[in-house]
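Counting along the sequence shown from 1, when you hit position 22 you're at 21 in numbering that gives the first Met the number 0, and nothing is skipped either side.
Just below is one structure, and these are the notes that go with it.
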Amino acid sequence: MNQLFLKQFLCLAGLFFAITSNAQEWVQVGADINNTSSGFGDAVALSDDGSTMIIGAPFHFDGTNYVGAAYVYRKSTTGDSWEQLGLRIAGTADADRLGYAVAISADGNTVAVSLPGVDNPTIQVGKVRVYSFDGSDWVQKGADISTSGGYEFGYDLSMSHNGDLVAVTTIGDLGGDVCYTWNGTAWEQQGQLFVEAGDFSPFSVALSGDGNRMVFGSPNLFGLVDELGSVYAFSWTGSAWSPLGQPMLGTVLYNDFGSVVSTNLTGDRIAVGIPDQTGSIGNLQGAVEVYEYNSGSDSWGQMGATLEGEDAYDYFGRALQLSSQGNTLIVGSGENDNPGGSNAGHVRIFDWDGTDWVQRGMDVDGLAFNDNSGEALSVSGDGQALAIASPGSGKVRYYEWSTTSALETVKTAGFTFGPNRTSGSFYVDLEENYRHIELSVYDMSGRLLVRQTATGRERLEVQLPTAFSGQCVVSCFGDGRFLGVMSLTKQ
């Protein structure tokens, strides 16, 4: 069985199983969060502890107009489901696109939403609104934040941990209005940014936890070089934004270097999305690079190798985020083709091992055709929880990094299996009678280890090869019907 078939089994079963010696994997917690609002999942953000999330639906229809909306959810007290927190936050005019970009404070009690489609009255100048939770509903904090230049203000936004600083990008505005701070009664502009002549101003933006460092990507221009792309970092001196090191530059034209950026809590690590990059496999494979600041030389240096998408036309890096410490990186490929279907999408999670970025766990795949899973995503501060949006199907799924090694038996649709850690053998109990049962065991490269057949509803006792150790996959068919798949570890 090849790698593709192996992934197909995993996807069909809907299971998340161990591939490490500690039997850990990304496990979905709670049911899918569904909503009929159009564009639901186009944007998502998690609080620091992962217990609260805001989801944007910029094309929500209120019965008359496509005003856009945002929804906030909080994990239940039992920790296994999600409940809407307060009422829906909605736009007020057609094409407002409220929820196109969203941000949330560390404690989850302050959120920001963009309305890039707000007219003025002939051009979409855009606005940003900030809301605080009062214990029962969301109350706007101050007046709308708007800009004096550019259009579609609110294309991207970021928020400091305490919710008192908001950074906003505007299409077509060179430098200018970017950062806004809460003075206790109103939002006021905090300094201005100025970039190289010919550069478009902030397209993507990310703030450090305290809001004293800011990163923005300008994928369209650097100086007078069309479509090269650049990323700038700034530090707040107390009165102005000062450049932090030299800009990070793309190396290839038209690869969208800087279309997405993320920074860690202290603002000394930056992840840069390059979703249109042609990689070693094919066109538009996509890539991500991570940079670290060296204060001694006032410069940014790349951390590890450039990460590439799985296949051509994956657009790997269209969504990404670093954890608070900057040691965990999650990256989305919303147009990845996998066993879930064409453009099902997937997310990959990487950890920094001191030398390079190493994938943690398996790909978290979308489950259906055109799911576009990973087009939007967010990670908790500790890197142990993920929110993955599938805007193609209007769903958001929440995952936690979970240890399953304590399980002795696992029940799936069609059979019961155990133990999931063994020194040599395991059993399978079937739920129905079958004329022909086929059970196969594969290692993680897809190599067949054992194939056993039976009839009826008997317990199958399976002995693994003596020479084999490690993780393997068990698949079961009854009368040609796929019953399920599980994994086990032979110690």
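Don't be surprised by glycine CBs; every beta carbon is placed ideally from N, CA and C.
Being a predicted model, the structure only gives us computed values, none of them experimental.
Beta-bridge pairing of residue i - partner residues as DSSP gives them
i: S203; result: G216
i: P57; result: In the DSSP output, where bridge partners are listed per residue, P57 has none listed.
i: N33; result: K394
i: T354; result: Paired residue(s): none; T354 is not in a bridge.
i: N371; result: Looking at the DSSP assignment, N371 forms no beta bridge with any residue, so it has no partner.
i: M247; result: V230
i: K140; result: Its beta-bridge partners do not exist; DSSP assigns none.
i: I280; result: Paired residue(s): none; I280 is not in a bridge.
i: G300; result: E291
i: D381; result: DSSP output for D381 lists no bridge partner at all.
i: M485; result: V473
i: I170; result: Y150
i: F256; result: Beta-bridge pairing links F256 to no other residue.
i: M361; result: The partner list for M361 (beta bridge, DSSP) is empty, contrary to what the question assumes.
i: Q123; result: D118
i: V28; result: Paired residues: none, contrary to the question.
Supposed contact pair residue j and residue i - C-beta distance, whole angstroms, cut 8 Å
i: G373; j: T327; result: Actually they do not touch by this definition, with Cβ atoms about 16 Å apart.
i: Q245; j: S298; result: 6 Å
i: Q490; j: S468; result: 7 Å
i: Y312; j: E334; result: 6 Å
i: Y65; j: A89; result: So it is not a contact: roughly 11 Å between Cβ atoms.
i: G249; j: F256; result: 3 Å
i: P390; j: A367; result: Their Cβ separation, rounded to whole angstroms, is 12 Å, which puts P390 and A367 out of contact at 8 Å.
i: G62; j: S113; result: Not quite, the Cβ-Cβ distance comes to about 23 Å (not below 8 Å), so this is no contact.
i: S159; j: P218; result: In fact, because the Cβ distance is near 24 Å, the residues do not count as touching under 8 Å.
i: V461; j: S424; result: 6 Å
i: D47; j: G365; result: That pair is no contact at about 26 Å.
Proximity of residue i and residue j at Cβ, strictly below 8 Å
i: V214; j: V165; result: no
i: V495; j: Q320; result: Residue coverage of the chain in this structure runs from 0 to 490, which leaves residue 495 outside it and unanswerable.
i: S332; j: G360; result: no
i: L482; j: L463; result: no
i: T51; j: G85; result: no
i: V117; j: V124; result: yes
i: S474; j: S444; result: no
i: D428; j: R458; result: yes
i: V138; j: Y130; result: yes
i: G325; j: R268; result: yes
i: Q276; j: D310; result: no
i: I53; j: A44; result: yes
i: Y99; j: D136; result: no
i: F58; j: S37; result: yes
i: M247; j: Y290; result: yes
i: T262; j: R317; result: no
i: G55; j: V101; result: yes
Range covered by the beta strand (DSSP E) that runs through residue i
i: Y292; result: A286 to N293
i: P562; result: With the chain running from 0 to 490 in the structure shown, residue 562 is simply not present.
i: Q83; result: W81 to Q83
i: A68; result: A68 to K74
i: A343; result: Premise fails: A343 is in no beta strand (DSSP E) and is neither H nor E.
i: Q320; result: A318 to L321
i: S332; result: T327 to S332
i: M158; result: L156 to M158
i: F425; result: S424 to L429
i: D442; result: Y433 to D442
i: Y312; result: Element bounds for Y312: n/a, residue is neither H nor E.
i: Q451; result: L447 to G455
i: Q462; result: L459 to Q462
i: L272; result: Correcting the residue identity first, residue 272 is Gly in this sequence and not Leu. R268 to I273 is the span of the beta strand (DSSP E), which, as asked, contains G272.
May I ask you to verify whether the stretch 68-77 touches the stretch 417-426, counting CB pairs closer than 8 Å and requiring at least 3?
no
For the pair the stretch 270-285 and the stretch 340-359, tell me if three or more CB-CB distances fall below 8 Å.
no
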